[in-house]
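Residue 0 is where the sequence shown starts when you use numbering that gives the first Met the number 0, and the numbers rise one by one after that.
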Amino acid sequence: MPRPFRFGVNMLAFDTGAAWREKCRRAEALGYDVLLVPDHLGMPAPFPALVAAAEATERPRVGTFVLNAGFFPPALLAREVATTDALTGGRLELGLGTGYVRAEFEAAGLPWGTPGERVDRLVRTVEELDRLLGDPEHAPRAAQRPRPPLLIGGNGPRMLRLAAERAEIAAFTGGRQAPGKPEGTLELLPAEELAASVARYHGYAAGRPEPAELNILVQRVLVTDDRRAAAREIAALGVGLDEEQALEAPTLLIGTVRQMAEQLRERRERYGFSYLTVLDPYLEAFAPVLEELRGS
Numbered sequence: 000m001p002r003p004f005r006f007g008v009n010m011l012a013f014d015t016g017a018a019w020r021e022k023c024r025r026a027e028a029l030g031y032d033v034l035l036v037p038d039h040l041g042m043p044a045p046f047p048a049l050v051a052a053a054e055a056t057e058r059p060r061v062g063t064f065v066l067n068a069g070f071f072p073p074a075l076l077a078r079e080v081a082t083t084d085a086l087t088g089g090r091l092e093l094g095l096g097t098g099y100v101r102a103e104f105e106a107a108g109l110p111w112g113t114p115g116e117r118v119d120r121l122v123r124t125v126e127e128l129d130r131l132l133g134d135p136e137h138a139p140r141a142a143q144r145p146r147p148p149l150l151i152g153g154n155g156p157r158m159l160r161l162a163a164e165r166a167e168i169a170a171f172t173g174g175r176q177a178p179g180k181p182e183g184t185l186e187l188l189p190a191e192e193l194a195a196s197v198a199r200y201h202g203y204a205a206g207r208p209e210p211a212e213l214n215i216l217v218q219r220v221l222v223t224d225d226r227r228a229a230a231r232e233i234a235a236l237g238v239g240l241d242e243e244q245a246l247e248a249p250t251l252l253i254g255t256v257r258q259m260a261e262q263l264r265e266r267r268e269r270y271g272f273s274y275l276t277v278l279d280p281y282l283e284a285f286a287p288v289l290e291e292l293r294g295s
């Protein structure tokens, strides 16, 4: 029996507090299960935004997608997590990653480090969060015990192993640094490479008492009767995929509502992706697909 679908939307920006609350209520009305925020300089601070999202809504969970672990000393992050979980009534899901934009770390006066050093930093953060939030004497106290569900996002072997060993949700971004382009510029992985990452994750996760939930970030939702024409347009953008690869990439949804729903069913069967996250520019466009799949 496949795991039921869940649907999240990654909310990127807002103009006013009233506009933010209205956007969150709209996402709830459309049926989204999780309201998510990223962690980038120039965007809203994640935890206040999530508290406001929870106060504006009743049903959806809220989460980070994903925090840059290097932005936060673990003890201060534990305080933020526990406070936010308490204020949202136990609706928080904590997404963590290493960060991929050097300029943001430099602007914040924080060390960037090598990829290996950034993963080391994330490992220490996860270990400290588990220790601090699992301590019955820790104050403030999170509503969820021993801690909110943890999502870890990444594609490299060490990130996949960490997700397999420590996270309730493994998130596959489906992207990597684009060669020859400015740091932080991503290109999309073709389906066969993403399948290899999922297989590697399952190898690391062998023996888990319960399977983790697998998440995929959908980068574009293109409602169209001409899939090939849309795929050609995407390929022309230089995202690292040719036309055929764009048609098959799990990070892209192209077609009619019914075709996209069928694509997601097939990808759940092939990869195990039952938790889908879309970006907020596609909040409305994806909603009919969500409705088509609701409860399945």
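From the three backbone atoms N, C-alpha and C, an ideal C-beta is built for every residue, glycine too.
Other residues of its chain near residue i: CB distance less than 7 Å, five sequence neighbours each side excluded
i           : result
residue 247 : 190
residue 122 : 161
residue 239 : 177, 186 and 187
residue 200 : 159, 162, 163 and 169
residue 20  : 51 and 55
residue 133 : 145 and 146
residue 166 : 149, 150, 151 and 211
residue 32  : 5, 6, 7, 59 and 60
residue 111 : 101, 104 and 105
Neighbourhood of residue i by C-beta distance below 6 Å, restricted to the same chain and skipping five residues each side
i           : result
residue 120 : 68 and 69
residue 124 : 68 and 73
residue 244 : 189
Bridge-paired residues (DSSP) for residue i
i           : result
residue 212 : 168
residue 247 : Residue 247 pairs with nothing; no bridge assigned.
residue 93  : 149
residue 35  : 9 and 62
residue 223 : Paired residue(s): none; residue 223 is not in a bridge.
residue 108 : BP columns for residue 108 are empty, so no partner.
residue 217 : 277
residue 272 : 213
residue 233 : In the DSSP output, where bridge partners are listed per residue, residue 233 has none listed.
residue 254 : 222
Beta-carbon spacing of residue i, residue j below 8 Å
i           : j           : result
residue 292 : residue 251 : no
residue 218 : residue 187 : yes
residue 274 : residue 58  : no
residue 96  : residue 65  : yes
residue 272 : residue 220 : no
With 16 other Cβ atoms within 10 Å as the buried cut-off, status of residue i
i           : result
residue 48  : buried
residue 147 : buried
residue 212 : buried
residue 12  : exposed
residue 156 : exposed
residue 0   : exposed
residue 180 : exposed
residue 138 : exposed
residue 79  : buried
residue 265 : exposed
residue 128 : buried
Any non-hydrogen atom of the ligand SAM closer than 7 Å to residue i Cβ
i          : result
residue 33 : The ligand SAM is not among the ligands present in this structure, which contains no ligands whatsoever.
Requested in this report: Run through the region 52-76 for me and flag every whole beta strand (DSSP E) of 3 or more residues, listed as ranges in chain order.
Outcome: If we require 3 residues or more, the beta strand (DSSP E) runs fully inside the region 52-76 come out as 60-63.
Query - Every unbroken alpha helix (DSSP H) inside the region 132-209 [4 residues or more] - result: Positions of the alpha helix (DSSP H) runs, each at least 4 residues long and wholly inside the region 132-209, are given as 156-165 and 190-204 in order along the chain.
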